[in-house]
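Data first, discussion second: the structure below is written as structure tokens.
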Amino acid sequence: MAFKFVDNYRERGARKKLVTQLRDERKIEDKRVLDAIGKVQRHFFFDETFWNQAYRDIAFPIGEGQTISQPYTVAYQTQLLNIREGDKVLEIGTGSGYQTCILLELGAVVYTIERQEKLYQRAKLFLTKMGYRPNFFLGDGSRGIAECAPYDKILVTAGAPFVPEIMLKQLKVGGTMVIPVGDEKSQKMVTVMRVSDTDYERIELDTFRFVPLVGDQAW
């Protein structure tokens, strides 16, 4: 990035307005999630030419066929995870790194994996410059990161055709996975809680549209 990290009055005001919109219109209730979104400077994830788009409640292209997720989607998924300080969280699909920063602001210990090398390198450099320190991995996120398991929470930020069994086995008992599941056009947001070594509870929620999860255990 060529620009300096300058968070001026205009961007702070736009971020505050976005938080109000998520709370009052989108009905995001978790104050900690809203506070994290109010703190992470989303415009830095955009080319400076498009800073005026950064605090609109929309997804936006970041290259390599991927997007930075709509703020509502980030808030919705994060709220479902119910992050607690010190939770060990696996994030499937680093992308821009914006969602990663939200998780870190909530006190999670984040393991994030990205299959696109350009996005991986960009996010690793950029988040480090911003002062964020997740654990970065390059590879097939549809397989999770077995060597670092188990996890308290798993967040999948791309649409999957099914819930990968290999990921479920990386959850701690009592842990929760949030994953969009469906076809390539739309997905249901699904939460899966591991209640024992062999048993899981699954709940289907609202409909979303994500870029597809690509990999050995996905599309």
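Okay, so the sequence shown: first residue is 1 according to our numbering, each after it adds one. Glycine included, each C-beta is placed from N, C-alpha and C at the ideal position. Fair warning: this is a prediction, and the values are worked out from it, not measured in the lab.
Residues sharing a beta bridge with residue i, DSSP
i    : result
R202 : V192
I113 : I92, F137
F208 : Q187
L171 : Y151
P61  : T67
G182 : Q187
Whole-number beta carbon distance between residue j and residue i, since they are thought to touch under 8 Å
i    : j    : result
V173 : D152 : Not quite, the Cβ-Cβ distance comes to about 10 Å (not below 8 Å), so this is no contact.
L125 : G159 : L125 to G159, Cβ: 27 Å. No contact.
V110 : V89  : 5 Å
I179 : V156 : 4 Å
Where residue i sits in the DSSP three-state scheme
i    : result
D152 : strand
M1   : Legend: pLDDT at M1 = 37, less than 50; position of this residue unreliable, no value from coordinates given.
T176 : strand
G13  : helix
A158 : coil
V163 : coil
Q217 : coil
Start-to-end residues for the alpha helix (DSSP H) that takes in residue i
i    : result
K39  : 31–39
L104 : 98–105
P71  : 71–81
Enclosing beta strand (DSSP E) for residue i [first to last residue]
i    : result
Q66  : 66–68
G131 : G131 -> no beta strand (DSSP E), and no H or E assigned at all.
Hey, is the segment 80–89 in contact with the segment 44–57, meaning 3+ C-beta pairs nearer than 8 Å? no
Touch test, the segment 38–52 against the segment 83–99, Cβ-Cβ under 8 Å, three pairs minimum: yes
Say whether the segment 124–137 touches the segment 101–112, bearing in mind that this needs 3 or more beta-carbon pairs closer than 8 Å, one atom from each stretch. yes
Three CB pairs or more closer than 8 Å across the segment 58–69 and the segment 29–39: no
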